[in-house]
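Everything on this sheet refers to the single structure shown next.
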Amino acid sequence: MTSNSPDNTSEVVIPRGRNEQGQRVYRTNLTAASDNRPKVLLASRPAPLPVVFLPGIMGSNLRNKESKEIVWRPPNASLAPRDVLGAIGALFTWWRRGPKKRQKLLNPDQVEVDDSGSIDPGKSGLSKEAARFRGWGTVMRSSYNPIMAVLEQRLDNILKLGELDPWWSDEALASPSDYGEELGQAQPLNKEELEYAAAYQFDVWCCGYNWLRSNRDSAQAVRDFIENTVLPHYRDSGQTTAEQMQKMKVILVTHSMGGLVSRSLTQLLGYDRVLGVVHGVQPATGAPAIYHHMRCGYEGIERIVLGANAGEVTAVVANSPGALELTPSAVHREGKPWLFLRDEQGNISRDKNGKPRAYPQNRDPYDEIYKNPDWYGLAPKQNERYLDMSESPQSNDSMQSPRSTFNDSINAVAKFHRALAKEGYYCETYAHYGAEASQDTHSWRDVNWKGDINALEQPDVKVKDNGRGKYNTSTRSRAPKLGPTNPLWRDHEKIDAGGDGTVPTDSGQAPGLAGIKASFRHGNLGKGSQNTKPGYDHQSSYNDNRARWATIYSIIKLAQRANWVPGDT
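Residues 1 to 569 in UniProt numbering are what the sequence shown lists, from first letter to last.
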């Protein structure tokens, strides 16, 4: 007969859990007096290695500073009933808000980060309370919580009972080239590196920021978050020694605009408590898509929330230093043109000096495009009314006009771009980006006004801009319409075509060209056995397995630089 009594010679390993602040704890129950099995805790002295996630533009929840009312909470992309209802509510709310209301609500000086957003800790092992304590509620849940949960779960389970977890002993050891690494210097992970990393406690934090403000301001907010929240948590909870605290640094994982924030933090502010950086789909040299949005509004269903026309977008972006800093810089595409004025046959028009009207003509997008009030400028004369829609706009001689204020903002953008181009990238940087060449992912690499250009520039001709990228004139000519490049890319340009729908390949690949540690190109313009499927959409990039693999690989490589495990020198 089989006995159901426990084997008193076998050990019982007590599973590790987390408390409301995400700290590792061990919980067990009293057992019967007859159960004499040894109870084992596989514990070690903590060596925390915080991973701080920085979201992209519009990815952080915002609220009014005074009233605490929700100002910006992007609808989550899922079919869960609460998200469907939330999306419907957001669409209805923003559909009724015109340029003036949007400008008033999204005032950079009157909003702050809202940490009360919904949370999904997934299989991270964290409770919702612990995830909220770590800042997960400050960002768009559907875009960012999944990758944070994956990082928390995977990095916390490298070893089990002294052996590599199956994922780590198989998929993690693949060659970086299989996942699109293009520089050729990155080596596969090995068991020794994984065992070294396993000695650390990877805790995933999230720092939402006021994306309406300049990236330099946001970098200061991230610095304050690390210095006043993340690091003190370990010191005050007694998890670390004074010696460990002196050495401890964080790893930054960024999405989109978060890359500019992190570069501002390390390169412009000189913050040195960073072990390394992992960039995802960073608009490293800017993105022409911002020009399209300010002249046409957004596309698809998202236009209702983000802005359906030039007025709704310009009213917000023109007053947001952070958004303006996403415009293509002077070094974008090495200063080559990206805005083209074409005739009805698609040929590039020429100015009175016979020079092609391809801008920037002289590597200066700030004067040639952004401050230019002509019909093809970023904020043309007819859109000046959206620059300042307050009750008493500054218009008398003793105060700056809205146009002058806007031009000052562009001058500040140019200064920021120059500083970032000069300082480059943190010395320990890894990156991944989308490079899919298809009609859906043209990413506005080239922006074209195509039509009868002369019709807009004749004297006494009445011109109307519909705010959706199309002009009409009193002469009923085929006035220019805004659009991407339609013909197939010329052979020598194919490798730089496409992108992720928002960031073009030119901008995504810039960090790799600058000589960072590794750069992963994902999509049909990338190589490797894992690049057999199409590239990913910009906003949901971290939901793609290739982006996740590249991120985890990069974190393990960066962890080799950590030196605060008790006993390390």
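The beta-carbon is built from N, C-alpha and C at its ideal position, and this holds for glycine as well.
Would you mind listing the alpha helix (DSSP H) stretches within the region 229-295 that are 4+ residues and don't spill past its ends, in chain order? 231-236, 242-247, 258-263
Let me check understanding here. Comparing Cα to Cα, which of Leu183, Val230, His538, Ser237 lies closest to Thr441? In the sequence shown, the residue the question calls residue 441 occupies position 441. Of Leu183, Val230, His538, Ser237, the residue nearest in Cα terms is His538.
Let me know if Lys160 comes out buried or exposed under the rule of 16 or more other beta-carbons within 10 Å of its beta-carbon. The residue labelled residue 160 in the question sits at position 160 within the sequence shown. Exposed, because fewer than 16 other Cβ atoms sit within 10 Å of the Cβ of Lys160.
What first and last residue would you give for the beta strand (DSSP E) that runs through Ile70? Position 70 of the sequence shown, counting from 1, holds the residue named residue 70. Per DSSP, Ile70 belongs to the beta strand (DSSP E) from 70-72.
Residues that DSSP places opposite Lys450 in a beta bridge: Along the sequence shown, read from residue 1 onward, the residue named residue 450 stands at position 450. Note: Lys450 sits in a beta bridge opposite Arg342, Lys481.
Start and end residues, alpha helix (DSSP H) containing Lys557: Here residue 557 is taken as the residue at index 557 of the sequence shown, counted from 1. 545-559 is the span of the alpha helix (DSSP H), which, as asked, contains Lys557.
Between the Cα of Arg102 and those of Gly311, Val253, Leu151, spot the shortest distance and give me the residue it belongs to. Sequence index remark: in the sequence shown, residue 102 carries index 102 (1-based). Closest by alpha carbon: Gly311.
Outcome for Ala242 when other beta-carbon atoms lying within 10 angstroms are tallied against a minimum of 16: Locating residue 242 in the sequence shown gives position 242, counting from the first residue. With fewer than 16 Cβ atoms within 10 Å of its Cβ, Ala242 is classed as exposed.
By a C-beta neighbour count over all protein chains shown, 10 Å radius and 16 as the cutoff for buried, is Met140 buried or exposed? As a first step, residue 140 must be located in the sequence shown, where it is residue number 140. So Met140 counts as buried.
In terms of residue numbering, what span does the alpha helix (DSSP H) encompassing Asp307 cover? By one-based count along the sequence shown, residue 307 stands at place 307. The sequence as given places Gly at residue 307; Asp does not occur at that position. No alpha helix (DSSP H) contains Gly307, which DSSP labels as neither H nor E.
Going by beta-carbon coordinates alone, are Gly498 and Ser540 separated by less than 8 Å? Here residue 498 corresponds to residue number 498 of the sequence shown, with the count starting at 1. Here residue 540 corresponds to residue number 540 of the sequence shown, with the count starting at 1. Against a cut-off of 8 Å, the Cβ pair of Ser540 and Gly498 comes out as no contact.
Mind the definition here: the region 410-425 touches the region 451-463 only if three or more C-beta pairs lie below 8 Å; say whether that holds. no
Do you know whose CA, among Ser124, Glu325, Leu49, lies nearest Ile251's CA? By one-based count along the sequence shown, residue 251 stands at place 251. Among Ser124, Glu325, Leu49, the Cα nearest to that of Ile251 belongs to Leu49.
Taking 8 Å as the threshold (C-beta atoms), are His432 and Gly280 in contact? Stepping through the sequence shown from its first residue, residue 280 is reached at position 280. Stepping through the sequence shown from its first residue, residue 432 is reached at position 432. Taking 8 Å as the Cβ cut-off, Gly280 and His432 qualify as a contacting pair.
Measuring alpha carbon to alpha carbon, tell me which of Ser349, Thr475, Ala547 ends up nearest Ile147. Here residue 147 corresponds to residue number 147 of the sequence shown, with the count starting at 1. Of the candidates Ser349, Thr475, Ala547, the one whose C-alpha sits nearest the C-alpha of Ile147 is Ala547.
Check Lys517 in the structure and name its three-state DSSP category. Numbered from its first residue, the sequence shown carries residue 517 at position 517. Coil.
Kindly indicate which three-state DSSP category Glu181 falls into: helix, strand or coil? As a working note, residue 181 is residue 181 in the sequence shown. Looking at Glu181 - three-state DSSP - the assignment turns out to be strand.
Does Leu105 come out as helix, strand or coil in the three-state DSSP assignment? Working through the sequence shown from its first residue, we reach residue 105 at position 105. DSSP places Leu105 in helix when its eight states are reduced to three.
Hey, would you say Pro108 sits closer than 8 Å to Ser320, going by beta carbons? Residue 108 sits at position 108 when you count from the first residue of the sequence shown. Residue 320 sits at position 320 when you count from the first residue of the sequence shown. Cβ distance < 8 Å, so Pro108 and Ser320 count as in contact.
Report yes if the CB atom of Tyr200 is closer than 8 Å to the CB atom of Ala562, and no otherwise. As a position in the sequence shown, residue 200 is number 200, starting the count at 1. As a position in the sequence shown, residue 562 is number 562, starting the count at 1. Yes, the pair counts as a contact, with Cβ atoms nearer than the cut-off.
Counting C-beta neighbours from all protein chains within 10 Å, is the total for Arg363 16 or more, i.e. buried, or is it exposed? To locate residue 363, count along the sequence shown from 1; it is residue 363. Classification for Arg363: exposed.
Comparing alpha-carbon positions, which option in Val503, Ala550, Phe53, Glu193 lies nearest Thr285? On the sequence shown, residue 285 is found 285 positions in, with the first residue counted as 1. Looking at the Cα atoms, Val503 is the closest of the given residues.
Can you check whether the CB of Ser256 is closer than 8 Å to the CB of Val277? In the sequence shown, the residue the question calls residue 277 occupies position 277. In the sequence shown, the residue the question calls residue 256 occupies position 256. Against a cut-off of 8 Å, the Cβ pair of Ser256 and Val277 comes out as no contact.
Under the three-state DSSP convention, the category Arg154 falls into: Counting from one through the sequence shown, the residue named residue 154 turns up at place 154. Helix, per DSSP.
Taking Cβ positions, are Gly451 and Glu344 nearer each other than 8 Å? For the purposes of this step, residue 451 is identified with residue 451 of the sequence shown, where counting begins at 1. For the purposes of this step, residue 344 is identified with residue 344 of the sequence shown, where counting begins at 1. Against a cut-off of 8 Å, the Cβ pair of Glu344 and Gly451 comes out as a contact.
Can you tell which of Lys533, Val150, Gln220, Asp165 has its C-alpha closest to the C-alpha of Trp205? Taking the sequence shown and counting its residues from 1, one reaches residue 205 at position 205. Here the closest residue by C-alpha is Val150.
Applying the 10 Å Cβ sphere with the 16-neighbour rule, what's the burial state of Ser264? Walking along the sequence shown from the start, residue 264 turns up at place 264. Buried, by the Cβ-count rule.
Using beta-carbon positions only, say whether Gln239 and Pro75 come within less than 8 Å of one another. Here the question's residue 239 lines up with position 239 in the sequence shown. Here the question's residue 75 lines up with position 75 in the sequence shown. Contact: no.
Tell me, to the nearest whole angstrom, how far the beta carbon of Arg350 is from that of Arg357; I am working on the premise that it is less than 8 Å. As a first step, residue 350 must be located in the sequence shown, where it is residue number 350. As a first step, residue 357 must be located in the sequence shown, where it is residue number 357. With 8 Å as the limit, Arg350 and Arg357 qualify as a contact, their Cβ atoms being about 6 Å apart.
Short of 7 Å in beta carbon distance, which residues of its chain neighbour Tyr179, apart from the five on each side in sequence? Order them along the chain. The count along the sequence shown starts at 1 and reaches residue 179 at position 179. Correct list, in chain order: Phe520, Gly528, Gln530, Arg546, Trp549, Ala550.
Between His292, Arg478, Leu155, which lies nearest to Gly469 when the distance is taken from Cα to Cα? Reading the sequence shown from its first residue, position 469 is the one you call residue 469. Of His292, Arg478, Leu155, the residue nearest in Cα terms is His292.
As assigned by DSSP and simplified to three states, the class of Thr441: Locating residue 441 in the sequence shown gives position 441, where the first residue counts as 1. DSSP places Thr441 in helix when its eight states are reduced to three.
Using DSSP with H/G/I as helix, E/B as strand and the rest coil, what is Arg385? Reading the sequence shown from its first residue, position 385 is the one you call residue 385. Arg385 falls in the helix class under three-state DSSP.
Same chain only: Cβ atoms within 6 Å of Pro283, ignoring 5 sequence neighbours per side: The residue you call residue 283 lines up with position 283 of the sequence shown. The answer, listed in chain order, is Leu326, Val503, Ser507.
Considering only the alpha carbon of each residue, which of Ala419, Pro55, Leu268 lies closest to Cys207? For this step, residue 207 is matched to residue 207 along the sequence shown. Comparing Cα-Cα distances from Cys207 to each of Ala419, Pro55, Leu268, the minimum goes to Pro55.
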